[in-house]
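Chemist:
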Amino acid sequence: MKQKAVEILKKSLKKIEVDWKEENIEKIIEIPSNPEMGDYAFPCFLVAKEIKNNPQQIALNIRKEIGNPPEEFEEIQAVGPYVNFFINKKNLALMLISKYKEKKKKVESKNSEKIMVEFPSPNTNKPLHLGHLRNISIGESISRILEFKGNKVIRANLYNDRGIHICKSMAAYKKYGKNKIPKKNEKGDHFVGHYYVLFNKNEKKDVKLELESHRLLQKWEEGDSESRELWKKMNSWAYEGFQETFKKLNVNFDKIYYESKLYKEGKDIILDGVKKGVFQREKDNSVSVNLGKKLGKKILLRSDGTSVYITQDIYLAKKKFEEYKLNKSLYVVGNEQEHHFETLFKILEMLKIADISKLKHLSYGMVELPEGKMKSREGTVVDADDLIEKIQKMVKKDLEERYKLPKKEIEKRSLKITIAAIKYMLLKVDTKKNMIFNPKESISFEGDTGPYLLYSYARANSILKKAKKNYDFNNVGKINDKDKDLIAKMAFAEKIIDEAYDKLNPSIIAKYAYELSQIFNEFYHSSKIIGNENEDFKLGLVYTFKKILKICLDLLGIEALEEM
RNA sequence: GCUCCGGUAACUCAGCCUGGAUAGAGUGUCAGCCUUCUAAGCUGAAAGUCGCAGGUUCAAAUCCUGUCCGGGGCACCA
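See the structure below:
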């Protein structure tokens with residue numbers, strides 16, 4: 233459609249003695265901010281500069297040269313220094329309707345790649361918090377966007393299951409736990425986290441507690457069976473708890489990695505690097521690499537010969553690429569680790585493990601409170617399960633007041649609405665930016681929210697259900713402005729998804745889904761669909777809207793509700 | 001010190017990459033709309049020195065430079 237406008241412009245420009253290449257014309261064409269100004273606009277300032285005439289006059293001249301608009305456009309206007317093109321919405325609508333009627337769920341792609349997406353990789357000593365929810369929402373959405381474009385995605389989760397943090401929980405458990413096990417209604421990760429909190433509370437009062445945690449770490453590393461047993465037990469509780477939360481969030485992993493199985497590895501890779509002269513052996517026997525002015529120097533093996541955090545990441549990367557023959561590896565990790573990943577990728581490239589173009593740190597912003605950063609030590613962390621529970625309670629209350637539904641249905645629906653509300657809230661903000669969550673204001677269900685999207689979807693479904701017929705039609709009658717707005721917006725779906733894919737940014741889809749729903753709501757409020765003289769056509773639009781919104785929701789990892 | 005990110009309405013955010021026509025949403029506030037396809041909705045109003053100062057340009061929230069404020073990161077923590 234844009235190409236047609238370019239074609240027309242090229243011809244008429246030539247007539248006023250401006251010979252421009254098509255690609256140059258295409259570059260200047262813009263999409264007006266206001267739909268009243270058309271679907272495409274050609275600003276005449278550059279032409280004005282070239283032929284030294286005023287842009288208003290040029291716009292008029294171009295318009296005159298165009299003559300009668302071709303079928304693709306219902307109108308072409310010269311407005312001030314612009315030539316505005318209005319797409320023929322009837323044609324566009326028919327195209328869209330038939331396109332989404334047949335649209336398969338997945339797009340075939342010739343050059344599909346195998347991509348690993350690693351997220352959310354929690355520590356196992358405490359439950360998930362709001363930051364993890366953002367991580368998971370982004371990781372899952374990105375995975376789905378990649379899959380939608382034809383790639384094969386492997387969702388991987390790396391459990392940070394060893395280290396001083398879990399030993400702290402273990403130390404407190406030994407002292408206060410007395411062989412307790414989680415109660416029936418108690419999530420395992422919360423049970424473990426409870427002891428982590430106890431540790432932090434009492435470590436100042438009780439010096440032995442801290443000593444004990446270090447002793448446990450040492451014992452664990454020596455392979456002491458008692459410590460290992462306790463460690464295993466506590467981790468398994470944590471996993472059970474995490475799994476419950478993942479299930480609620482509708483997330484599944486294809487591969488689980490454990491830090492405990494990786495943390496010693498990678499040493500050989502480093503030593504090999506020393507042999508090849510990529511890394512330096514220091515006087516104190518540690519191994520380091522100099523990464524230049526920007527990244528500086530990085531230690532890879534401690535002076536006692538043990539590996540550091542980045543060493544295991546190097547090993548894991550190698551393993552991933554070998555095991556899965558990956559084309560790409562994405563790491564969904566907070567922006568506080570940008571430096572770490574820059575360093576890691578540089579080293580991986582030096583070692584020829586993976587080209588830097590195959591590696592990507594999908595850096596996302598932190599979730600902060602109005603007072604600032606969430607701090608687990610100060611107890612200001614927003615717990616993921618608590619948040620879900622609180623919101624679900626509110627949703628349930630709403631549902632009970634609105635409709636008469638069986639308990640089971642309320643349970644099911646309220647969870648979906650809750651997850652939609654949370655995921656949408658976390659995805660709508662630009663992925664890379666920090667965001668503020670105000671617990672006092674809680675999550676709203678009105679306006680720019682997940683429930684609004686679900687509601688719009690359910691209403692579209694309800695109309696189609698009530699109409700009880702196919703929308704086959706032969707001729708399109710008159711279409712009004714609201715119809716046109718909806719058609720124009722729906723035409724953008726593909727472009728939006730492509731952009732989200734290119735930029736690996738779900739917020740673009742979230743934004744679009746909301747705007748689309750807004751326009752749809754205006755559309756069905758403005759005139760009745762069933763019984764309308766143009767009923768079949770309008771039903772076609774409703775059907776197409778439903779399909780497109782469903783795709784968007786899927787890509788955001790949000791489950792649609794046929795009824796709300 | 002170096003480096004990355006942010007500063008747009010009372011609040012939370014779009015728009016900046018790719019400069020253009022009156023800077024957009026939502027929340028909150030105020031005023032309307034439920035015998036009619038689900039009111040988690042719709043309509044309207046009030047609300048903005050786009051942090052500040054220069055520069056580039058016919059045109060700057062958008063590009064460049066400087067500066068202030070807030071946050072993150074920077075060799076044997078993860």
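With positions in the first sequence counted from 1, the corresponding number in the numbering used here is that position plus 232.
Think of the CB as a built atom: it goes at the ideal place given N, C-alpha and C, for glycine as much as any other residue.
Which runs of the alpha helix (DSSP H), 4 residues or longer, sit entirely within the region 529-616?
Modeler: 541-556 and 570-582
Chemist: Just grab the DSSP bridge partners of Ser520 for me.
Modeler: Gln512 and Ile531
Chemist: Where does Tyr684 land, buried or exposed, given buried means 16+ other C-beta within 10 angstroms?
Modeler: buried
Chemist: Have a look at the DSSP bridge pairing and note the partners of Glu307.
Modeler: Looking at the DSSP assignment, Glu307 forms a beta bridge with Phe318.
Chemist: In terms of residues, what are the limits of the alpha helix (DSSP H) holding Arg447?
Modeler: Val439 to Glu454
Chemist: Taking all protein chains shown into account, do 16 or more other C-beta atoms lie within 10 angstroms of the C-beta of Asn389, making it buried, or fewer, making it exposed?
Modeler: Buried, by the Cβ-count rule.
Chemist: Taking 9 Å as the threshold (C-beta atoms), are Tyr656 and Leu788 in contact?
Modeler: yes
Chemist: Could you round the C-beta distance between Val564 and Ile374 to whole angstroms and report it? I think they count as a contact, below 8 Å.
Modeler: Confirmed, about 7 Å.
Chemist: With a threshold of 7 Å on Cβ separation, who are the neighbours of Asp545 within its own chain once the five nearest residues in sequence on each side are excluded?
Modeler: Leu576
Chemist: Does the beta-carbon of Gly709 have 16 or more other beta-carbons within 10 angstroms, so that it is buried, or is it exposed?
Modeler: exposed
Chemist: Where DSSP assigns a beta bridge to Ala388, which residues make up the other side?
Modeler: Glu350 and Lys487
Chemist: Helix, strand or coil: how does DSSP classify Pro359 here?
Modeler: It is coil, neither helix nor strand.
Chemist: In chain order, what residues of the same chain lie with their CB nearer than 7 Å to the CB of Pro313, ignoring the 5 residues before and after it?
Modeler: Pro275, Cys276, Phe277, Pro287, Gln288 and Ala291
Chemist: Return the first residue and the last residue of the alpha helix (DSSP H) that Tyr427 is part of.
Modeler: Gly420 to Asn434
Chemist: Is Tyr703 helix, strand or coil when you go by DSSP?
Modeler: coil
Chemist: Let me know the secondary structure DSSP gives Ala404 once reduced to three states.
Modeler: helix
Chemist: Please confirm if the region 603-615 is in contact with the region 354-361, defined as three or more CB-CB distances below 8 Å between the two stretches.
Modeler: yes
Chemist: Bridge partners for Tyr495 per DSSP, in chain order?
Modeler: Looking at the DSSP assignment, Tyr495 forms no beta bridge with any residue, so it has no partner.
Chemist: Mind the definition here: the region 407-418 touches the region 501-521 only if three or more C-beta pairs lie below 8 Å; say whether that holds.
Modeler: no
Chemist: Just reading off the alpha helix (DSSP H) that Ala179 is part of, what are its end residues?
Modeler: In the structure displayed, the chain extends from 233 to 796; residue 179 sits before or after that span and is not available.
Chemist: Suppose the cutoff is 7 Å on Cβ atoms and the five residues either side in sequence are ignored; what does the same chain contact list for Tyr703 look like?
Modeler: Asp768, Leu771, Gly772 and Tyr775
Chemist: Applying the criterion that 16 or more other CB atoms from any shown protein chain within 10 Å of the CB defines a buried residue, is Val315 buried or exposed?
Modeler: buried
Chemist: Does the region 485-495 come close enough to the region 434-444 that 3 or more CB-CB pairs lie under 8 Å?
Modeler: no
Chemist: Where does Lys721 land, buried or exposed, given buried means 16+ other C-beta within 10 angstroms?
Modeler: buried
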